[in-house]
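Participant: Residue numbers (the UniProt record's numbering): 1 to 82. Note that CB positions come from ideal geometry on N, CA and C, so glycine has one too. All figures in this text were calculated on a predicted structure; none of them were measured in a lab.
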């Protein structure tokens, strides 16, 4: 989906989404014409970011949290494969 629809679903502005992309909190895929395309996981991530920001959590803290979360998920998956 395009950025306008994603913004509506996440109750934020397209400008917010672009900012979160600039600072590395989210990375949308691009379609042939260069438009951003947001999928289900992107929407979930944006909603999570919105919730954390509403709680007053700073951008750098959210980045650190998301980085540790990805690491934890990878570790969890590798342990469960064994």
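Would you mind sorting residue 69 into buried or exposed? The rule is 16 or more other CB atoms within 10 Å of its CB.
Facilitator: For the purposes of this step, residue 69 is taken as the residue at position 69 of the chain shown. Exposed, because fewer than 16 other Cβ atoms sit within 10 Å of the Cβ of residue 69.
Participant: List the DSSP bridge partners of residue 37.
Facilitator: Position 37 of the chain shown, counted from the first residue, corresponds to residue 37. Per DSSP, 29.
Participant: State the start and end residues of the unbroken alpha helix (DSSP H) segment that holds residue 75.
Facilitator: The residue labelled residue 75 in the question sits at position 75 within the chain shown. Residues 59 to 81.
Participant: Decide yes or no for the touch test of the stretch 50 to 57 against the stretch 30 to 39: beta carbon pairs closer than 8 Å, at least 3 of them.
Facilitator: No, because fewer than three Cβ pairs between the stretch 50 to 57 and the stretch 30 to 39 fall closer than 8 Å, the two stretches do not touch.
Participant: Can you tell me the Cα-Cα spacing of residue 14 and residue 58, whole angstroms?
Facilitator: To locate residue 14, count along the chain shown from 1; it is residue 14. To locate residue 58, count along the chain shown from 1; it is residue 58. Cα to Cα, the separation comes out at about 19 Å.
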